[in-house]
Each structure stands twice: as C-alpha cells, then as structure tokens.
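In what follows, a structure is listed as structure tokens, so that the remarks can point back to it.
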Amino acid sequence: MIIGAAAAAVGVLAVPAQAASWSSYIKDAGNDFESRRWTGNGGSTTIDFTGCSRGSSPKLVYVMLRKDTFGPDPRYANAAYTNCFNPGATSSGTWADHGSGDYYFVIDYGSNVYAPVSVASLSVYY
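For reference, each letter of the sequence shown is one residue, going 1 to 126 in our numbering.
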C-alpha cells in the first residue's frame, strides 16, 4: 500500500498550474489575426505553437496576449516564436497573471510582415 500512496501523491503533484485549456490550429492568418476569446479566473497563461509555416521570410511569428475590456484592450508582452518553424518543434510563451477576465491573443500585431502564417497545432493553458 505504500507504493500506491506514493503514486497517488505523485499524481497530485503532476496537476498543472493552469486550470483550463483549449486547442486548435491556424490556417493562413495575416497581421493582427485575433484568436477566439476565453475566460480566465486569474493565473498565468501559456500559449504553445507546433508546426508553424509561412510562405516566405521571416520564419518567426509574434504572439501577443490581450485582455478584452471596455475601451482599449491592454497589450501584454509580445513573444517571438521561432522554434515552431523547425520540424516537430514547439514554441511556447507564458504570460503572468493579469487577473480574471476575457483574453485572446493576436498574431503579428502592428507588424509589417505580410506573409500569412499557419500553425498545425496550438494549445492555450490558463
């Protein structure tokens, strides 16, 4: 029974800090593409992209977390994702807690990159 108790304790420790998540993909998104919204109850947000492709240079995509508010939406750090352009690799960004509310991310916000980007798999943990 001691082994079972240890396994149960490990299972409790393996629970991720984020309470919810969603997954999707992106096909040919241009500058200022906005993701779907999600409601977070506070805590950090992690966004993973795997299998990025872009018809031309640069082989990078900027991802910015935003909070949907009445008035101008606050902009949080703009992360440069490059690793996801390597076969089988994932780019990941984590944003600190900005309180409860509705969130979304924007691709290539305000950028002059005009090559659409596709992402085979994306996951948002919040």
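Backbone N, C-alpha and C define an ideal beta-carbon position, used for all residues, glycine too.
Would you mind sorting residue i into buried or exposed? The rule is 16 or more other CB atoms within 10 Å of its CB.
{"i": "G11", "result": "Reliability of the predicted coordinates at G11 is poor, the pLDDT of 39 falling under 50, and the value obtained from them is presented with this limitation in mind. So G11 ends up on the exposed side."}
{"i": "S57", "result": "exposed"}
{"i": "R54", "result": "buried"}
{"i": "S82", "result": "With the sequence shown as reference, residue 82 is identified as Thr, and Ser is not the correct amino acid for it. The residue in question, T82, is exposed, as its Cβ has fewer than 16 Cβ neighbours within 10 Å."}
Since residue i is in the beta strand (DSSP E), which residue starts that stretch and which ends it?
{"i": "C52", "result": "T45 to R54"}
{"i": "G127", "result": "Any question about residue 127 goes unanswered here, given that the chain covers just 1 to 126."}
{"i": "N41", "result": "W38 to N41"}
Please name the residue, chosen from the options, that lies closest to residue i on a Cα-to-Cα basis.
{"i": "E34", "options": "R66, A80, R54 and A19", "result": "R66"}
{"i": "A20", "options": "I26, S44 and N31", "result": "S44"}
{"i": "N112", "options": "V119, G51, R36 and Y62", "result": "Y62"}
Measure the alpha-carbon distance for residue i versus residue j and round it to whole angstroms.
{"i": "S23", "j": "N41", "result": "18 Å"}
{"i": "S91", "j": "D48", "result": "6 Å"}
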